[in-house]
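Structure record follows, encoded as structure tokens.
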Amino acid sequence: MLSIEKDVDGFHPQNMGTLAIQGKEPLFIPCTPKGCIELLLRSDVEIMGKKAVMIGRSNIVGLPMFLLLQRHHATVTIVHAFSNNPDVVAREADILIAAAGVPNLVRGSWLKPGAVVVDVGTNPIEDEESEHGYRLIGDVCFEEAVRVASAITPVPGGVGPMTVAMLLFNTLQAAKRVLRFP
4 MLSIEKDVDG FHPQNMGTLA IQGKEPLFIP CTPKGCIELL LRSDVEIMGK
54 KAVMIGRSNI VGLPMFLLLQ RHHATVTIVH AFSNNPDVVA READILIAAA
104 GVPNLVRGSW LKPGAVVVDV GTNPIEDEES EHGYRLIGDV CFEEAVRVAS
154 AITPVPGGVG PMTVAMLLFN TLQAAKRVLR FP
């Protein structure tokens, strides 16, 4: 197993466990959830006291995103494949994060007017007009959601660059620790 000091992805069990403990800080936070929070904060989206719905519960995005939203004092609900009436639950969200890996799962009718939508999904679909024969779409039907949401991330070009930025941030932090830089 990779040592915790080198776990710039933030998935070491000790980092994940520490993320779940209030008052403790992990050495590294998983990059995609950290990027989503950074995106919200830098876009002046109020998280504290808001209802957030996390669609998906993977160890890579769903679970750490849930924990980070809680750390920012949101009331968080997770929706997964076995949840009843996911559209009804989603409609309560002030902030909706979609990371289910299902193309166009979240429709415009699922959204509360004015909700902030972060689409983590990157799903390849066939597209003969594309240079590679496919294109990427998100878990949210962008064309419908953009009419209802106050803000929405595009796919591609939304969360992906934030993930890369957070990976670089974590890598810099790791190097500073090794070199004992302040």
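Numbering-wise, the sequence shown is residues 4 to 185 according to the working numbering.
No residue lacks a Cβ here, since even glycine has one placed at the ideal position from N, Cα and C.
Please read all numbers here as calculations on a predicted model, not as lab measurements.
Out of His15, Gly52, Arg94, Pro159, which has the shortest C-alpha to C-alpha gap to Pro67? Ranking the options by Cα distance to Pro67, first place goes to His15.
Helix, strand or coil at Arg74 according to DSSP, with G and I counted as helix: Here Arg74 sits in helix by DSSP.
Is the beta carbon of Ile81 less than 8 Å from the beta carbon of Asp122? No, Cβ-Cβ distance for Ile81 and Asp122 is not below 8 Å.
Residue interval of the alpha helix (DSSP H) (run including Lys179): Taken as a continuous stretch (DSSP letters only), the alpha helix (DSSP H) holding Lys179 covers 162-181.
Minimum C-alpha distance to Leu22 - residue among Pro164, Leu70, Ala102: With distances taken between Cα atoms, Leu22 lies closest to Leu70.
Report the residue from Val119, Val92, Arg94, Ile128 whose alpha carbon sits nearest the alpha carbon of Ser46. Considering only alpha carbons, the answer is Val119.
Inter-residue Cα distance where the pair is Asn62 and Thr166: So the two alpha carbons sit approximately 15 Å from each other.
Output the distance between the C-alpha atoms of Glu146 and Glu8, rounded to the nearest integer angstrom. One alpha carbon belongs to Glu146, the other to Glu8, and they sit about 42 Å apart.
The segment 79-97 contacting the segment 125-139, beta-carbon criterion three pairs below 8 Å: Result no; under three Cβ-Cβ pairs closer than 8 Å.
Helix, strand or coil at Leu139 [DSSP, three-state]: Reduced to three states, the DSSP call for Leu139 is strand.
If distances are taken between C-alpha atoms only, which option among Ile128, Lys179, Leu170 comes closest to Pro159? Among Ile128, Lys179, Leu170, the Cα nearest to that of Pro159 belongs to Ile128.
On a Cα-Cα basis, can you pick out the residue from His76, Arg60, Asn107 that is closest to Phe85? Closest by C-alpha distance to Phe85, out of His76, Arg60, Asn107, is Arg60.
Can you round the beta-carbon distance between Asn126 and Phe31 to whole angstroms, since I take them to be within the 8 Å contact cut? Contact between Asn126 and Phe31 does not hold, since the beta-carbon distance rounds to 27 Å and is not under 8 Å.
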